[in-house]
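Just so you know, we're using our numbering here: the sequence shown kicks off at 46 and counts up by one.
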Amino acid sequence: MIDIQNLLRPNIRKLKPYSSARDEYSGQKGIFLDANENSFGTLESGVLNRYPDPYHRHLKKGLEKIYNINSNKIFTGNGSDEAIDLLIRAFCIPGKDSLIVMPPTYGMYNVAANINDINIINVPLSPQFKIRTDAVLEQAKDAKLIFICSPNNPTGNIFNPNSIKRIAEKFDGIVVLDEAYIDFTDRQNGLVWLNNFNNLVVLRTFSKAWGMANIRLGMAFADPEIIAVLNKIKYPYNVNGLTCRKAMELIKKQEIKKQAVESILKERTKIIKKLNKISGVKEVFPTEANFVLARYEKAIELFNYLRNKKIIIRNRTTVMHCSDCLRITVGKPQENDKLLKEIENFYN
Ligand SMILES: Cc1ncc(COP(=O)(O)O)c(C=O)c1O
Numbered sequence: 046m047i048d049i050q051n052l053l054r055p056n057i058r059k060l061k062p063y064s065s066a067r068d069e070y071s072g073q074k075g076i077f078l079d080a081n082e083n084s085f086g087t088l089e090s091g092v093l094n095r096y097p098d099p100y101h102r103h104l105k106k107g108l109e110k111i112y113n114i115n116s117n118k119i120f121t122g123n124g125s126d127e128a129i130d131l132l133i134r135a136f137c138i139p140g141k142d143s144l145i146v147m148p149p150t151y152g153m154y155n156v157a158a159n160i161n162d163i164n165i166i167n168v169p170l171s172p173q174f175k176i177r178t179d180a181v182l183e184q185a186k187d188a189k190l191i192f193i194c195s196p197n198n199p200t201g202n203i204f205n206p207n208s209i210k211r212i213a214e215k216f217d218g219i220v221v222l223d224e225a226y227i228d229f230t231d232r233q234n235g236l237v238w239l240n241n242f243n244n245l246v247v248l249r250t251f252s253k254a255w256g257m258a259n260i261r262l263g264m265a266f267a268d269p270e271i272i273a274v275l276n277k278i279k280y281p282y283n284v285n286g287l288t289c290r291k292a293m294e295l296i297k298k299q300e301i302k303k304q305a306v307e308s309i310l311k312e313r314t315k316i317i318k319k320l321n322k323i324s325g326v327k328e329v330f331p332t333e334a335n336f337v338l339a340r341y342e343k344a345i346e347l348f349n350y351l352r353n354k355k356i357i358i359r360n361r362t363t364v365m366h367c368s369d370c371l372r373i374t375v376g377k378p379q380e381n382d383k384l385l386k387e388i389e390n391f392y393n
């Protein structure tokens with residue numbers, strides 16, 4: 046068991062959070078003259094003119110059922126990007142502390158670290174995109190946080206669960222396991238380990254499989270002690286009421302998400318099969334996510350050619366271990382067909 050309080054930045058440990066009007070009275074009914082809202086309202090009067098519940102309790106009840114986790118272990122935020130930033134702010138002292146990232150990986154870990162003036166220790170994945178567990182643990186004594194993205198963006202692979210568990214077990218800091226893409230694979234996910242490791246934080250998002258990138262809703266699952274800290278330092282009304290309402294609507298119709306994921310997986314298989322048959326495609330990497338990373342001949346020319354055709358994919362050629370690599374997000378059938386046709390045309 047890790048002593049979470051001891052790991053926190055001292056100023057965060059001592060922080061007395063802002064107490065919002067809605068903190069002081071959580072009842073639904075009453076004459077609300079406490080929060081300087083517009084009592085008359087404009088659009089959707091009686092709803093949109095009122096501040097939302099700061100802890101999104103109704104939404105969390107829905108999430109509890111989906112993820113089979115008590116709401117005291119759930120943080121909801123403005124995208125999982127908010128949780129990434131808050132975790133860094135809670136545990137790392139600017140200008141002093143360090144965190145570990147494993148490039149090539151999701152770029153926001155570095156950006157959030159840089160904004161907060163936190164030193165980044167890079168422990169690159171192997172050229173086959175595997176975690177170098179021993180190298181991570183060697184560096185871990187100097188770090189407060191370790192970010193692990195699995196399935197990893199942009200490589201698409203999922204990491205060996207034993208590597209992740211070993212890191213969580215041996216590390217005296219916080220392990221952030223970003224599972225933004227986990228719904229696109231049947232492999233084991235990290236939520237099952239939360240009871241074993243009180244230093245593990247699992248991130249999820251409504252932006253990928255749930256198909257709701259626009260509403261900006263992300264989640265962190267962790268020990269209640271960590272969740273309480275995130276709640277203490279977040280903006281009081283970090284998730285808005287419209288977002289909560291749309292998320293609840295979808296939670297009640299999970300079938301839609303399931304069908305979308307099935308369609309994406311079918312299309313992913315089609316893209317991989319086809320790419321493997323195109324002569325200019327040098328290597329298609331295995332993927333457990335909703336995107337496909339591959340290595341191409343004349344990658345930058347192909348990228349520009351597609352862009353001129355108004356087909357936008359992601360150029361990853363300058364990223365570590367990803368020379369000549371482009372990342373394709375799985376689209377709708379006709380979009381994928383058009384893309385594949387144009388890739389063929391480019392090489393013919
Ligand atoms: C690995 C990973 N984590 C988190 C995010 C951001 O998620 P959100 O939209 O919830 O902020 C992304 C977005 O691309 C991602 O690739």
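The beta-carbon is built from N, C-alpha and C at its ideal position, and this holds for glycine as well. Here the structure is a predicted model, which is why all the values come from computation and not from measurement.
Cβ-Cβ distance between SER116 and ARG102 below 9 Å:
yes
Looking only at its own chain, which residues have a Cβ that is under 8 Å from the Cβ of ASN335, when we skip the five neighbours before and after it?
If we look at ASN335 and ignore the five residues flanking it on each side, its Cβ neighbours are TYR226, PHE229, LYS253, ALA254, ILE309, ARG313, THR374, VAL375.
Rounded distance between the beta-carbons of GLU333 and ASN234, thought under 8 Å:
The Cβ separation is near 11 Å, so there is no contact.
Below 8 Å, can you find three or more Cβ-Cβ pairs linking the segment 351–358 to the segment 379–387?
yes
C-beta contact flag for VAL337 and ILE323 at 9 Å:
no
Distance check for LEU371 and LYS343, CA to CA, integer angstroms please.
11 Å
Does MET147 pass the burial test, meaning 16 or more other C-beta atoms within 10 Å, or should it be called exposed?
buried
Hey, out of SER195, GLY75, ASN381, PRO99, whose CA is closest to THR288's CA?
PRO99
ALA267 versus LEU239 - alpha carbon distance:
6 Å
Measuring alpha carbon to alpha carbon, tell me which residue in TYR151, GLY122, GLY218, ILE160 is nearest GLY140.
ILE160
Evaluate the contact criterion for the segment 67–81 versus the segment 288–298: three or more CB pairs, one atom per stretch, below 8 Å.
no
Any chain D beta carbon closer than 9 Å to ILE316
Absent here is chain D; the protein component of the structure consists of one chain.
What does SER143 pair with, by DSSP beta-bridge criteria?
Answer by DSSP bridge pairing, in chain order: ASN164.
Taking the Cβ atom as the reference point for each residue, do ASN243 and PHE120 lie within a distance shorter than 9 Å?
no
Using 9 Å as the threshold, is the C-beta distance between PHE216 and ILE129 below it?
no
Endpoints, the alpha helix (DSSP H) within which ALA286 is located
As written in the sequence, residue 286 is Gly, which differs from the Ala given in the question. Element bounds for GLY286: 286–296.
Contacting residues, own chain, Cβ-Cβ under 6 Å from VAL401 (five flanking each side not counted):
Any answer about residue 401 is impossible in this case: the structure gives the chain only from 46 up to 393.
In the DSSP output, which residue or residues are listed as bridge partners for LEU275?
Beta-bridge pairing links LEU275 to no other residue.
Where DSSP assigns a beta bridge to THR374, which residues make up the other side?
PHE336
Give me the Cα-Cα distance between MET46 and PRO281, rounded to the nearest whole angstrom.
30 Å
Rounded to whole angstroms, what's the CA-CA distance from ILE345 to ILE114? Just pull it up for me.
45 Å
Quick one: which unbroken beta strand (DSSP E) runs of 3-plus residues sit fully inside the segment 206–270? Chain order, please.
Runs of the beta strand (DSSP E) inside the segment 206–270: 219–223, 245–250, 263–266.
For LEU182, I'd like the list of residues in its chain whose CB is within less than 6 Å of its CB, leaving aside the five on either flank, ordered along the chain.
LYS215
Go to ILE193, then tell me how far its beta strand (DSSP E) extends in each direction, as first and last residue.
190–194
Is TYR63 buried or exposed, if buried means 16 or more other CB atoms sit within 10 Å of its CB?
Under this definition TYR63 is an exposed residue.
Please say whether LYS327 and TYR341 have beta carbons closer to each other than 9 Å?
yes
C-beta atoms of ILE49 and ILE278 nearer than 9 Å:
no
Among PRO331, ASP223, PHE330, ILE260, which one has its Cα closest to the Cα of ILE209?
ASP223
By how many angstroms is the C-alpha of GLN304 removed from the C-alpha of LEU53?
42 Å
For LYS291 and PHE251, the rounded distance between their alpha carbons
11 Å
So, is ASN393 buried or exposed, given that buried needs 16 or more other C-beta atoms within 10 angstroms?
exposed
For ALA180, collect the residues of the same chain with a Cβ closer than 7 Å to its Cβ; drop the 5 residues on either side in sequence, then sort them by chain order.
The residues are VAL168.
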